[in-house]
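Novice:
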Amino acid sequence: MSGDIDALACALCGRGAAPQNPVGLLIALVNLIVHVPFTDLPVLRDYELGELRQQYDYVIVGGGSAGCVVANRMSANPDTTVLLLEAGGLETASRQIPLTAAYSLGGHDDWDYRTVPQRNSCLSFHEQWCPLSRGKVLGGSSVLNFMMYVRGNRHDYDRWALTYGATGWTYEDVLPHFKDIEDFRAEPVDEYHGESGEVPVGYPNASTPLNELFLNACKESGYSIVDYNGATQSGCSRLQANVANGERVSASKSFIQPVLKKRNNLDVALFSQVTKINFEGSRAVGVTFTRYGTSQNVSAAREVVLSAGTVGSAQLLLLSGVGPREDLERLQIPVVADLPVGRSVQDHAFLLAAVPVITDWQVGVSLFTLQDIAQYDTTRSGVISIPTAIEAVQFIGTQYALGLDSPDVEVAIVSSQPATQLARVEMLNLGMLPEAYDTFFGPRNNVPGFRVVVFHTQPKSRGRIALRSSDPTDYPEIDLRMLEHPDDAKAAAEGMRLARED
1 MSGDIDALAC ALCGRGAAPQ NPVGLLIALV NLIVHVPFTD LPVLRDYELG
51 ELRQQYDYVI VGGGSAGCVV ANRMSANPDT TVLLLEAGGL ETASRQIPLT
101 AAYSLGGHDD WDYRTVPQRN SCLSFHEQWC PLSRGKVLGG SSVLNFMMYV
151 RGNRHDYDRW ALTYGATGWT YEDVLPHFKD IEDFRAEPVD EYHGESGEVP
201 VGYPNASTPL NELFLNACKE SGYSIVDYNG ATQSGCSRLQ ANVANGERVS
251 ASKSFIQPVL KKRNNLDVAL FSQVTKINFE GSRAVGVTFT RYGTSQNVSA
301 AREVVLSAGT VGSAQLLLLS GVGPREDLER LQIPVVADLP VGRSVQDHAF
351 LLAAVPVITD WQVGVSLFTL QDIAQYDTTR SGVISIPTAI EAVQFIGTQY
401 ALGLDSPDVE VAIVSSQPAT QLARVEMLNL GMLPEAYDTF FGPRNNVPGF
451 RVVVFHTQPK SRGRIALRSS DPTDYPEIDL RMLEHPDDAK AAAEGMRLAR
501 ED
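Numbered per full-length UniProt numbering, the sequence shown finishes at 502, counting up by one with no gaps.
Laid out in structure tokens, this is it:
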């Protein structure tokens with residue numbers, strides 16, 4: 001491998017100069033991927049199928065984070081036949097490197113949705129629309145996300161159970177399922193964690209001085225160091241991540257890849273986009289889907305399981321006649337059930353800040369070296385194994401939080417330099433206006449520092465998803481209406497203030 005590193009160094013450095021171009025280093029890392037075998041990377045030939053059965057016991061629509069789990073659990077019974085339909089293909093090597101996750105959004109495995117223009121958010125983006133990356137790949141958004149493992153606050157589950165009569169959804173009810181799927185690789189393993197599940201969870205195998213400095217600052221400010229997936233969920237912590245041996249671990253690698261060849265009762269059909277759920281009366285009996293350009297039908301003897309994501313599931317229900325009557329009749333879609341599908345959509349708004357420092361110990365895509373690449377290639381360790389350079393998190397309750405130990409703000413500490421050539425490419429690729437980036441980050445260009453990202457986790461604003469047409473290939477209208485409730489903007493601003501003070 002040293003020869004490849006030397007060749008890359010020569011190509012990047014020209015006449016022996018040290019590599020300085022961060023974009024060049026990223027390209028070097030991506031080029032290196034073709035030489036590096038990744039663990040359990042799925043291979044297309046393992047997913048080749050002939051003719052599908054005309055009927056399965058269960059037909060699962062969407063092979064994302066939920067669909068992969070459901071397919072695994074249902075097919076564990078050898079007498080049950082299961083079909084998992086996924087619109088996309090398989091994850092690639094470029095998705096496996098933890099550090100570069102934020103720089104590879106978009107592409108063939110991303111639905112790449114966008115909202116309609118927003119009124120109180122995304123003001124720095126083209127026409128004020130928000131980009132929404134969602135996985136169009138087996139494993140879904142677990143292939144694209146930043147690998148942060150956050151179960152959610154216990155009080156959220158309890159509120160859902162109480163408010164909506166969601167029997168079986170209290171935190172006490174769902175905790176055994178979290179433990180069942182978890183392979184917790186940090187200490188201590190207590191009653192809140194499992195050790196024998198499919199999903200590895202642990203701390204990154206590398207850190208920078210920022211991690212320790214931040215945690216010390218938390219303690220000095222009166223915040224506890226906690227296991228935020230454990231007993232107390234307010235405070236500060238190192239990041240818990242879905243990373244094993246320095247590589248991303250997706251839902252497909254955890255739940256499908258290990259069992260696919262062992263279970264003849266499980267079929268996984270890739271590049272199969274479901275266009276309609278078929279009903280007999282009010283009962284779902286099968287689906288229509290397009291596979292390799294051909295429309296096909298398959299029936300479900302027992303159940304159709306819809307797990308196509310927030311956007312995809314709503315769109316499919318609406319296309320199939322389940323939704324607000326007036327919206328369906330406007331598009332001449334026969335009404336199966338008049339229900340408020342697509343209403344009350346929520347999402348987490350986030351604020352981004354750059355924090356300058358007077359030292360040069362920060363890491364990230366802006367500063368890693370060819371030596372870091374060599375270390376990652378040979379040992380899967382070092383700064384490149386840190387997911388998106390997120391080192392630590394903090395959960396804070398503002399005055400707008402819904403209760404004690406029910407924080408409404410999550411702060412991520414990102415140890416990458418906030419204002420560089422590569423950071424500019426990243427943000428512009430997401431849709432940020434050049435003049436907006438240059439105004440906010442230009443004055444800090446190449447100034448040592450790190451990023452603080454503040455997520456508002458208890459939004460009161462509610463949006464909607466609606467069909468633009470009855471064409472399944474036409475993306476729906478997505479209006480998140482983020483920060484339209486006055487408390488949301490106030491809580492996010494207070495969260496940023498508290499984060500900067502700490």
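Note that CB positions come from ideal geometry on N, CA and C, so glycine has one too.
No experiment lies behind these values; they were computed from the predicted model shown.
Just the C-alpha distance for LEU260 and LEU83, rounded to the nearest angstrom, thanks.
Specialist: Using only the alpha carbons, I get a separation of about 12 Å.
Novice: Please state whether DSSP places VAL425 in a helix, a strand or coil.
Specialist: Helix at VAL425.
Novice: Give a yes or no on contact between the region 126 to 135 and the region 367 to 375, applying the rule of three or more CB pairs nearer than 8 Å.
Specialist: Segments in contact, no.
Novice: So ARG464 and GLY342 are in contact, right, with Cβ under 8 Å, and what is the actual spacing, rounded?
Specialist: Contact holds; Cβ gap of about 5 Å.
Novice: Per DSSP, which one or two residues make a beta bridge with GLY286?
Specialist: GLY286 is bridged to ASN278 and SER299.
Novice: What whole-angstrom Cβ distance do VAL268 and VAL59 have, given they're in contact under 8 Å?
Specialist: Between VAL59 and VAL268 the Cβ distance is about 12 Å, and since that is not below 8 Å, they are no contact.
Novice: Look up ILE386 in the DSSP assignment and say whether it is helix, strand or coil.
Specialist: Correct three-state label for ILE386: coil.
Novice: Name the two residues that bound the continuous beta strand (DSSP E) containing GLN352.
Specialist: It should be noted that the sequence gives Leu, not Gln, for residue 352. From DSSP, the beta strand (DSSP E) with LEU352 extends over 350 to 356.
Novice: Give the secondary structure of GLN458 by DSSP, where H, G and I count as helix, E and B as strand, and everything else as coil.
Specialist: If DSSP states are grouped into helix, strand and coil, GLN458 belongs with coil.
Novice: Would you decide whether TYR157 is buried or exposed? Buried here means 16 or more other CB atoms lie within 10 Å of its CB.
Specialist: Buried, since its Cβ has 16 or more Cβ neighbours within 10 Å.
Novice: Using the Cβ count rule (16 or more neighbours within 10 Å means buried), how would you classify ALA301?
Specialist: Counting Cβ neighbours within 10 Å, ALA301 comes out exposed, since fewer than 16 surround it.
Novice: Within 10 Å of its beta-carbon, does LYS253 have 16 or more other beta-carbons around it, so buried, or fewer, so exposed?
Specialist: Result: buried.
Novice: Using alpha carbons as the reference points, say which of TYR164, ASP190 and PHE184 lies closest to PRO200.
Specialist: It is PHE184.
Novice: Name the residue from ALA492, LEU132, GLN296 and ASN211 whose alpha carbon lies nearest to the alpha carbon of GLN273.
Specialist: With distances taken between Cα atoms, GLN273 lies closest to GLN296.
Novice: Give the DSSP-derived three-state secondary structure of MET74 in the structure shown.
Specialist: Correct three-state label for MET74: helix.
Novice: Could you please give me the residues that DSSP links to SER237 through a beta bridge?
Specialist: According to DSSP, SER237 bridges with VAL393.
Novice: According to the neighbour-count rule (16 or more other Cβ atoms, all chains shown, within 10 Å of its Cβ), is GLU391 buried or exposed?
Specialist: Its Cβ being crowded by 16 or more others within 10 Å, GLU391 is buried.
Novice: I'd like the ranges of any beta strand (DSSP E) spanning at least 3 consecutive residues and lying wholly in the region 138 to 203.
Specialist: You should have 182 to 184 and 199 to 201.
Novice: Using CA atoms only, rank isn't needed, just tell me which of CYS218, PRO258 and ASN245 is closest to ALA206.
Specialist: Residue ASN245 is the option with its Cα nearest to ALA206.
Novice: Round the Cβ separation of ALA349 and HIS456 to the nearest angstrom and send it over; I've been treating them as touching at under 8 Å.
Specialist: ALA349 to HIS456, Cβ: 5 Å. Contact.
Novice: Counting Cβ pairs, one atom from each stretch, are 3 or more of them under 8 Å apart for the region 222 to 239 and the region 391 to 406?
Specialist: Touching, per the Cβ criterion.
Novice: When burial is assigned at 16 or more other CB atoms within 10 Å of the CB, is TYR292 buried or exposed?
Specialist: Exposed, because fewer than 16 other Cβ atoms sit within 10 Å of the Cβ of TYR292.
Novice: Taking PRO204 and LEU319 to be in contact with their CB atoms under 8 Å, please state how far apart those CB atoms are, rounded to whole angstroms.
Specialist: Not really, about 41 Å apart at Cβ, beyond 8 Å.
Novice: In whole angstroms, what separates the C-alpha of ASN429 from that of ALA101?
Specialist: Cα-Cα distance, rounded: 13 Å.
Novice: Give every residue of the same chain whose Cβ lies closer than 6 Å to the Cβ of LEU105, excluding the five residues on either side of it in the sequence, and list them in chain order.
Specialist: Counting only Cβ-Cβ distances below 6 Å, and skipping sequence neighbours, we find SER133.
Novice: Span of the beta strand (DSSP E) holding SER344?
Specialist: 343 to 345 is the extent of the beta strand (DSSP E) around SER344.
Novice: In chain order, which beta strand (DSSP E) runs of at least 3 residues are fully inside the region 51 to 134?
Specialist: Correct list: 55 to 61 and 82 to 85.
Novice: Report the three-state DSSP secondary structure of VAL259 (helix, strand or coil).
Specialist: Correct three-state label for VAL259: coil.
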